[in-house]
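2 protein chains.
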Amino acid sequence: MHSFKELTIEFSRRFNTPHFPKYPESLYAANDYFLGLGGKRIRPVMCLMGNELFNDIHEDAWQVATAIELFHNFTLIHDDIMDAAPRRRGFETVHQKYGASTALLAGDVMLVVAYEYLNKISSSHLKPIINLFSKTAREVCEGQQLDMDFEKLSTVSPGEYLKMIELKTSVLLAASLKMGAIIGGAGDGNSDHLYEFGKNLGIAFQIQDDYLDAFGDPEKFGKTAGGDIRQNKKTFLLIHALRTATGSQQQELHALLNSDSNDKVERVLKIFRDCNVDEWARQLKQQYFDKALFHIEEIAVLSSRKKPLLEIAEFLIQRDY
Amino acid sequence: MHSFKELTIEFSRRFNTPHFPKYPESLYAANDYFLGLGGKRIRPVMCLMGNELFNDIHEDAWQVATAIELFHNFTLIHDDIMDAAPRRRGFETVHQKYGASTALLAGDVMLVVAYEYLNKISSSHLKPIINLFSKTAREVCEGQQLDMDFEKLSTVSPGEYLKMIELKTSVLLAASLKMGAIIGGAGDGNSDHLYEFGKNLGIAFQIQDDYLDAFGDPEKFGKTAGGDIRQNKKTFLLIHALRTATGSQQQELHALLNSDSNDKVERVLKIFRDCNVDEWARQLKQQYFDKALFHIEEIAVLSSRKKPLLEIAEFLIQRDY
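Given below as structure tokens:
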């Protein structure tokens, strides 16, 4: 068994190799540039851990992990175009550096190359892997579309927001684990529980992310606090506040959403606290985390095999704040 | 055996069915809209003909044909974004109607769904089909990038232009035929010859397309003549003219490329004719067409089976002008 950290190091070492042809350089330099910016490689390592929960890591799992990481980077390149984001991980985004058209093509070709990696695995697992990968890829696109739709709406229900988060973020985490499980030879019951573990963990992580953006310590969190509030992003927190605030709080919140004043973040946070949004978010996160734990408990393997996954789940969720 | 026309009718009938989920409607309406605009469906029918050259059409060929047509439409949606084209087939382009972000995602998801159709075929052919499909998809992206690169260059060699055309246009025609051949049970030799037939036919077709845009009868051709000339597109004709024109013709040609005068098309065409570009293009087209015919002759099946493919090749190339 390997820890998350050990697998991250080994995956990063293997992933650090050319994935694209040399020609035309005008296209592939953009892909090489973006992959060179790094990343936490959480999803591919989840695939490896999903495999190792049931069996020694099979060579196929490395191929699928590579495909997953390429897919994830494809979504980032295209999302950055849609968001007109100038920077990612502290560096210029692909469209900023190479133009929108090349960024669009660089993303397209990265998705195609992801499928080329999938197609390297043994025939026995090819169909179920491509099935799950494609379904997930489709869902991630759907989640991104919902996210853009919600930006234009004045209200979004918690259920709608949850569905969006599930599609945009959680299903890829869940599917990464399950693809690993399939390669590890897991049966349907076990691999479905692992999928649900990943999905609920992903939702808990997103609630935490929303929470930390508002209430986190900027020094520990590494981002300026209140970014979501400044951009009027419909996070779990804002959606809940808009539903629980009193009449006068509602009025003030709507006025703040339409303003750009310097104390906007501070005043929105005060309303959040007055509505107990912080406590509510901590509880909601815990609920999803508990669901995740329930599903991993249901998996019929020796509990010692679950240790690395439980460790990384605790690490991702129990961040210091 | 079926004619191109018969297969087109049957493919169009089968293709005219929902290919996407209903939700989120904001995403999938864009895909349904674009597919509803129609198209000649040449590539999927080539796949069916490639199958029928060797064997009765297998159910798998319809799945692959569907994947090919979805892939082709994905490239059109994304190309239209890159070209900022307002109209396609007489209707609004997807980005014009639904916005660039939705068009980008609609294209992405269409590519994913293309792979979902591929993944429906029997396991025995899955790997070689996904291999060829993915390689071709990558090449089409490379061709589009080269096309954009060339727009910014002052000169492009005939060899470079040929490579671009091959990637952007011909390989998909070639691969469509070959994927059909694989499903029809053809051996490597036969299916490679069929690929070369399609590739050379595609190049001949592109030379003809360039020719007709300049010299074609607008009434028969259905486009305004001289569109490429007005846009300074580096077609086979312009590239050849720039290399064979005399000193004074060169000077005039470069001046015209930098001008927007009303008689631009007329004057460029005069230089083309003075340089015998029209005759040269007709000969070049014939050379590639002959190469295509050579390769289809080399395929070891009864010549009666080749009849529908030869008919459509003649039809595509020997257009009336």
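So the protein lines, in turn, are chains V and U. Counting from 1, position 16 in the first sequence corresponds to residue 16 in our numbering; the numbering is continuous, with no gaps. One rule links them: number in our numbering = place in the second sequence (from 1) + 321. Glycine is no exception: its CB is placed at the ideal position from the N, C-alpha and C atoms.
Among the options, nearest to residue i - alpha-carbon criterion
i                      : options                       : result
residue 129 of chain V : V/97, V/177 and V/227         : V/177
residue 185 of chain V : V/217, V/208 and V/125        : V/125
residue 471 of chain U : U/552, U/494, U/352 and U/627 : U/552
residue 12 of chain V  : V/20, V/1 and V/70            : V/70
residue 327 of chain U : U/632, U/511 and U/577        : U/632
residue 330 of chain U : U/353, U/359, U/350 and U/589 : U/359
residue 271 of chain V : V/283, V/285, V/247 and V/284 : V/247
residue 32 of chain V  : V/58, V/98, V/229 and V/59    : V/98
residue 203 of chain V : V/249, V/290 and V/145        : V/290
residue 168 of chain V : V/183, V/205 and V/189        : V/205
residue 677 of chain U : U/541, U/532 and U/540        : Residue 677 of chain U is absent from the structure shown; chain U starts at 322 and stops at 642.
residue 132 of chain V : V/216, V/183, V/57 and V/3    : V/183
residue 433 of chain U : V/30, V/265, V/281 and V/75   : V/75
residue 511 of chain U : U/406, U/555, U/466 and U/627 : U/627
residue 72 of chain V  : V/140, V/215 and V/269        : V/140
residue 388 of chain U : U/423, U/430 and U/421        : U/430
residue 584 of chain U : U/546, U/605 and U/617        : U/546
residue 201 of chain V : V/147, V/238 and V/314        : V/314
residue 586 of chain U : U/554, U/481 and U/638        : U/554
residue 515 of chain U : U/618, U/348, U/322 and U/639 : U/618
residue 28 of chain V  : U/467, U/530 and U/416        : U/467
residue 92 of chain V  : V/281, V/192 and V/36         : V/36
residue 483 of chain U : U/606, U/572 and U/639        : U/606
residue 639 of chain U : U/571, U/573, U/530 and U/572 : U/530
residue 292 of chain V : V/26, V/316 and V/273         : V/316
Residues bridged to residue i (per DSSP)
i                     : result
residue 88 of chain V : V/91
Classification of residue i by the beta-carbon crowding that lies within 10 angstroms, buried from 16 upward
i                      : result
residue 305 of chain U : Residue 305 of chain U cannot be examined here, being either before or after the span of chain U that is shown, 322 to 642.
residue 197 of chain V : buried
residue 575 of chain U : exposed
residue 615 of chain U : exposed
residue 261 of chain V : exposed
residue 236 of chain V : buried
residue 428 of chain U : buried
residue 362 of chain U : buried
residue 455 of chain U : buried
residue 401 of chain U : buried
residue 213 of chain V : buried
residue 491 of chain U : buried
residue 463 of chain U : buried
residue 342 of chain V : Because residue 342 of chain V is not part of the residues shown, which for chain V are 1 to 321, the question remains open.
residue 480 of chain U : exposed
residue 338 of chain U : exposed
residue 84 of chain V  : exposed
residue 188 of chain V : exposed
residue 259 of chain V : exposed
residue 269 of chain V : buried
residue 322 of chain U : exposed
residue 411 of chain U : exposed
residue 541 of chain U : exposed
residue 408 of chain U : exposed
Integer Cβ distance of residue i from residue j, believed to fall under 8 Å
i                      : j                      : result
residue 425 of chain U : residue 104 of chain V : 7 Å
residue 77 of chain V  : residue 34 of chain V  : 6 Å
residue 288 of chain V : residue 165 of chain V : Not really, about 10 Å apart at Cβ, beyond 8 Å.
residue 4 of chain V   : residue 308 of chain V : 6 Å
residue 577 of chain U : residue 588 of chain U : 6 Å
residue 82 of chain V  : residue 422 of chain U : 4 Å
residue 30 of chain V  : residue 94 of chain V  : 5 Å
Any 3 or more C-beta pairs closer than 8 Å across the segment 621-633 of chain U and the segment 368-378 of chain U: With contact defined as three or more Cβ pairs closer than 8 Å, the segment 621-633 of chain U and the segment 368-378 of chain U are in contact.
Stretch-stretch touch, CB-based, cutoff 8 Å, three pairs: the segment 560-578 of chain U with the segment 468-488 of chain U: Segments in contact, yes.
The segment 349-369 of chain U in contact with the segment 487-504 of chain U per 3-pair CB rule at 8 Å: They touch, by the three-pair rule.
contact_flag[the segment 17-31 of chain V, the segment 274-283 of chain V] where n(CB pairs < 8 Å) is 3 or more: They do not touch, by the three-pair rule.
Touch test, the segment 105-124 of chain V against the segment 61-68 of chain V, Cβ-Cβ under 8 Å, three pairs minimum: Under the Cβ criterion (8 Å, minimum of three pairs), the segment 105-124 of chain V counts as touching the segment 61-68 of chain V.
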